[in-house]
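Engineer: Numbering (this note's numbering), first residue to last: 998 to 1532.
One structure coming up, written as structure tokens, with questions to follow.
Take a look at the structure:
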């Protein structure tokens, strides 16, 4: 490097008549230091948010989902057998999820998602067992001897006259049905015969009603024919007198409306349920308490079995989980798959099949492979990025935007470096002219100031990275609190990644080096006569 580097280091030093330039160099380094530190801290914090959200989302959600364009997903076991052999899939399990209303005592939570899972297959797909708090256990989630609910049959299919197929006569057509005379008739003939029988029955009832109208009406019964017969015996005055008021709450006896939550023995036989920590606080419920889950049907709904009211079932709290994501801790409730299926009339049907893969970064490729395997227009797959596309896209845009804005601080610091070098060039104008008169080349003079700007950028960047690292370490140790209702997490996440620190340092050094080109080129272009001219 020769004398250009020695001159660059000498120009960075302080002398009596050049003290102002030395102060300017220090401020230039300080500007680069603060800009690099701010950018490194912000990138670590935004990266921490992404890492935390991904960890929380994948803690209670699977990596890949298989859903069906229908509410009737009864062949899920066949789908599970197909997808479990796909390379990269480590676990497969069915699930049911529906909105419900949860009640405990006088407290009620609405908009809660009840997720039914298989207790044996769920640990292979979800990390729920890792988030269970002390004192809880997933044992008892499924009752002994539990079976999938049966699907109710509608009235048309339950008519034995139309759908009592003769199983012994296997040679008949699928559209042949038994007739009263022992033969078989087609479905169309059976329907026509049923309509004719209904019309005949209706005509017979109308004739009977007309005959009844033609006959004289019976005489009214004699009232009080026998004095005292049928009269009430004793005092008929109600308790509190005739001015008493009815109670506001109708209390029904246990024989009419039994309460399974009153007896500890009955509560112990109830199916198990797992809720989040925030929801448990909201309901003021503890392990072993009885709670009620109600389907969100308003009024009376019409189903396959006819009119039915909303379904309400009692459960026993067996565990409380804390995923660290308030959106899940306050809205998710887990129970047995069979118990969740019983709230609706779909029988042994599920919402979808969820899978866990060995590498979450390859979840999209595995999802596309499963999509091709099940390519029949009925099923569709989703990976964890698609399921939370809005959340992670917003986080990525936030990280890019904030990093770009804070990178402008380094650009401003680079202008400070430019101003400092220009001051140095103007102050050393005579020395530069003398060097050129002695035979120094323009390239050597150019390197003098390039080295000086590079040293300022290198020192400022190093100090900035160290300052950013110590600040991130302090934030991790302190645990800066956040409002979980706003940020969904309770403390500020910081993720120090060497790659991001390295990129920040390289960008800062490049910006500072490029910024020195203009003053260095100006110094290299000076003529000896310009600096040695008498003032």
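Backbone N, C-alpha and C fix where the C-beta goes; we use that ideal spot for every residue, glycine too.
1. Quick check on this structure: which residue in 1033, 1006 and 1045 has the alpha carbon closest to the alpha carbon of residue 1488?
2. Spatial neighbours of residue 1335 within its chain, please: C-beta separation below 6 Å, excluding the five flanking residues on both sides.
3. Classify residue 1002 as helix, strand or coil using the three-state DSSP reduction.
4. State the CB to CB distance for the pair residue 1347 and residue 1073, rounded to an integer number of angstroms; the pair is presumed to be in contact (CB under 8 Å).
5. Going by other Cβ atoms of all chains shown within 10 Å of its Cβ, with 16 needed for buried, is residue 1066 buried or exposed?
6. Could you pull out every residue in the same chain whose Cβ sits closer than 7 Å to the Cβ of residue 1009, ignoring the five residues on either side in sequence?
7. Are there three or more Cβ pairs, one per stretch, closer than 8 Å when the stretch 1270-1288 is compared with the stretch 1313-1330?
8. Give the C-beta separation of residue 1026 and residue 1456 to the nearest angstrom, bearing in mind that I take them to be a contact with Cβ-Cβ under 8 Å.
9. Give the range of the beta strand (DSSP E) segment to which residue 1107 is assigned.
10. Assuming residue 1313 contacts residue 1267 under a Cβ cut-off of 8 Å, what Cβ separation, rounded to an integer in Å, is found between them?
11. Buried or exposed for residue 1280, going by 16 or more other Cβ atoms inside 10 Å?
12. For residue 1001, tell me which candidate among 1464, 1132, 1436 and 1446 has the shortest Cα-Cα distance.
13. Can you give the beta carbon distance from residue 1476 to residue 1510, rounded, assuming they're within the 8 Å contact cut?
14. Between the stretch 1084-1092 and the stretch 1408-1421, do at least 3 Cβ pairs fall closer than 8 Å?
15. Roughly how many angstroms lie between the CA atoms of residue 1034 and residue 1332, to the nearest whole one?
16. Please report how far the alpha carbon of residue 1338 lies from the alpha carbon of residue 1344, in whole angstroms.
17. Take every Cβ of the stretch 1375-1391, pair it with every Cβ of the stretch 1052-1061, and state whether three or more of those distances are shorter than 8 Å.
18. Classify residue 1520 as buried or exposed, calling it buried when 16 or more other Cβ atoms lie within 10 Å of its own Cβ.
19. Is the beta carbon of residue 1114 closer than 7 Å to that of residue 1106?
20. Check for me: the alpha helix (DSSP H) holding residue 1516 runs from which residue to which?
21. So, using beta-carbon positions, are residue 1349 and residue 1137 closer together than 7 Å?
22. Helix or strand or just coil, what does DSSP make of residue 1409?
23. Can you say whether residue 1006 is buried or exposed, counting buried as having 16 or more other CB atoms within 10 angstroms of its CB?
24. So for residue 1086, helix, strand or coil by DSSP?
25. When the Cα of residue 1523 is compared with those of 1070, 1032, 1441 and 1112, which residue comes out closest?
26. Any heavy atom of the ligand GTP closer than 6 Å to the Cβ of residue 1046?
27. Quick check on the DSSP output: what are the complete beta strand (DSSP E) runs of length 3 or more inside the stretch 1259-1294, in order along the chain?
28. List the residues that DSSP assigns as beta-bridge partners of residue 1380.
29. From the DSSP secondary-structure annotation, give me the bridge partner or partners of residue 1199.
30. Can you check which of these residues, 1429, 1392, 1492 and 1479, is closest to residue 1473 by C-alpha distance?
31. Could you compute how far the alpha carbon of residue 1400 sits from the alpha carbon of residue 1464?
32. In chain order, what residues of the same chain lie with their CB nearer than 7 Å to the CB of residue 1119, ignoring the 5 residues before and after it?
33. Residue 1449 bridges to which residues according to DSSP?
34. Consult DSSP for residue 1349 and reduce its assignment to one of helix, strand or coil.
35. So who's on the other strand from residue 1361, going by DSSP bridges?
36. Excluding sequence positions up to five away, which residues of its chain have a Cβ less than 6 Å from the Cβ of residue 1533?
Structural biologist: Let's see:
1. 1045
2. 1143 and 1145
3. helix
4. 5 Å
5. exposed
6. 1022, 1449 and 1452
7. yes
8. 5 Å
9. 1104-1114
10. 4 Å
11. buried
12. 1446
13. 38 Å between Cβ atoms; not a contact.
14. no
15. 48 Å
16. 7 Å
17. yes
18. buried
19. no
20. 1514-1521
21. no
22. helix
23. exposed
24. strand
25. 1441
26. Absent from the structure shown: the ligand GTP. Ligands present: none.
27. 1269-1273 and 1287-1291
28. 1061
29. Looking at the DSSP assignment, residue 1199 forms no beta bridge with any residue, so it has no partner.
30. 1492
31. 17 Å
32. 1090 and 1125
33. According to DSSP, residue 1449 bridges with nothing at all.
34. strand
35. BP columns for residue 1361 are empty, so no partner.
36. In the structure displayed, the chain extends from 998 to 1532; residue 1533 sits before or after that span and is not available.
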